[in-house]
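Quick note, the sequence shown lines up with residues 1000 to 1185 if you use my numbering.
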Amino acid sequence: MPTSLKILKKKYSNCKQCPELVKNRSSVVFGSKHMNACKVLIIGEAPGKKEDESEIPFVGRSGEILNGFLKEIGLTREDVFITNTILCRPPGNRNPKVLELKNCKTRLNECIKLVNPEVVITLGNFSTQYLLETKEGITKLRGKIYEKEGYKILPMLHPANLLYNGMSEKLIKQFRSDFKKVKKLI
Ligand code: SF4
1000 MPTSLKILKK KYSNCKQCPE LVKNRSSVVF GSKHMNACKV LIIGEAPGKK EDESEIPFVG
1060 RSGEILNGFL KEIGLTREDV FITNTILCRP PGNRNPKVLE LKNCKTRLNE CIKLVNPEVV
1120 ITLGNFSTQY LLETKEGITK LRGKIYEKEG YKILPMLHPA NLLYNGMSEK LIKQFRSDFK
1180 KVKKLI
């Protein structure tokens, strides 16, 4: 087990476990640049085009939405650590495959241990189902608080859902209420 996020990042910097992803990626998007342990760990699905180009998770429109909700509860990107279920961009932004999720699982477990969060926010189906070991969909799981190995898990919809749904007021309210729960937990 690596002793720091920096060492873990180095370990995966040239990972070749998922051949299709390796062929397609420009970078391995390990996570937030600051490399600090944090009270809040956010786990998304997979890097997209902008993330792959910049090597930073959540930099596009979804990232702006996430930053906005964090700001509302007094947090910045420096106060949280952000990563994804897999570190390499799937071709055409397809969903991660089962084997790819499995390949990146040890890394995610080690990342959680090193960040040592009080709360893990899982964004969308993949990270939520992985952490809660369930096949239940995010719509049923979101907004509830679960306990696991010394930290709490709070599943939320992926911010991209807001984009697909024209920034629906109903969804914005759901996100606000979920982020308020994070504030209470830390
Ligand atoms: S997704 Fe994870 S396991 Fe697969 S190649 Fe990238 S770093 Fe390696």
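Every residue gets a Cβ at the ideal spot worked out from N, C-alpha and C, and that includes glycine.
Whole-angstrom C-beta distance between residue j and residue i, which should lie under 8 Å
i     : j     : result
V972  : L1153 : One cannot answer for residue 972 here, as it falls past the ends of the chain, which runs 1000 to 1185.
E1052 : S1031 : E1052 to S1031, Cβ: 17 Å. No contact.
P1001 : E1148 : Contact doesn't hold; Cβ gap of about 18 Å is too wide.
V1039 : E1050 : About 19 Å; that fails the 8 Å criterion.
V1118 : I1072 : Actually they do not touch by this definition, with Cβ atoms about 11 Å apart.
Q1016 : N1102 : 4 Å
N1023 : P1090 : 4 Å
Cα-Cα separation, residue i to residue j
i     : j     : result
D1177 : M1166 : 16 Å
L1170 : S1126 : 19 Å
E1054 : E1044 : 15 Å
K1104 : N1164 : 31 Å
R1106 : K1134 : 22 Å
G1123 : N1092 : 15 Å
E1099 : P1116 : 24 Å
E1063 : N1083 : 17 Å
K1151 : K1008 : 24 Å
Q1128 : T1138 : 12 Å
N1094 : P1046 : 11 Å
I1111 : L1069 : 20 Å
G1142 : P1158 : 14 Å
M1155 : G1067 : 15 Å
Proximal residues to residue i (C-beta, below 6 Å), its chain only, five neighbours per side dropped
i     : result
L1020 : C1087
I1041 : V1079, I1081 and I1120
L1074 : none
L1130 : T1121 and I1152
R1175 : none
Cβ shell of residue i (< 7 Å), same chain only, five flanking positions each side left out
i     : result
V1027 : Y1011, S1012, C1014, L1086 and C1087
R1060 : L1162
E1077 : H1033
Start-to-end residues for the alpha helix (DSSP H) that takes in residue i
i     : result
N1102 : V1097 to N1102
L1170 : E1168 to L1184
N1160 : A1159 to Y1163
P1018 : P1018 to N1023
T1138 : I1137 to L1140
Unbroken beta strand (DSSP E) run spanning residue i, endpoints
i     : result
I1064 : It is not in any beta strand (DSSP E) - I1064 instead sits in the alpha helix (DSSP H) that spans R1060 to E1071.
F1125 : That residue, F1125, is in no beta strand (DSSP E); its alpha helix (DSSP H) goes N1124 to L1131.
E1146 : Y1145 to K1147
L1040 : V1039 to G1043
Any chain D beta carbon closer than 7 Å to residue i
i     : result
M1000 : Here there is only one protein chain, and chain D is not present.
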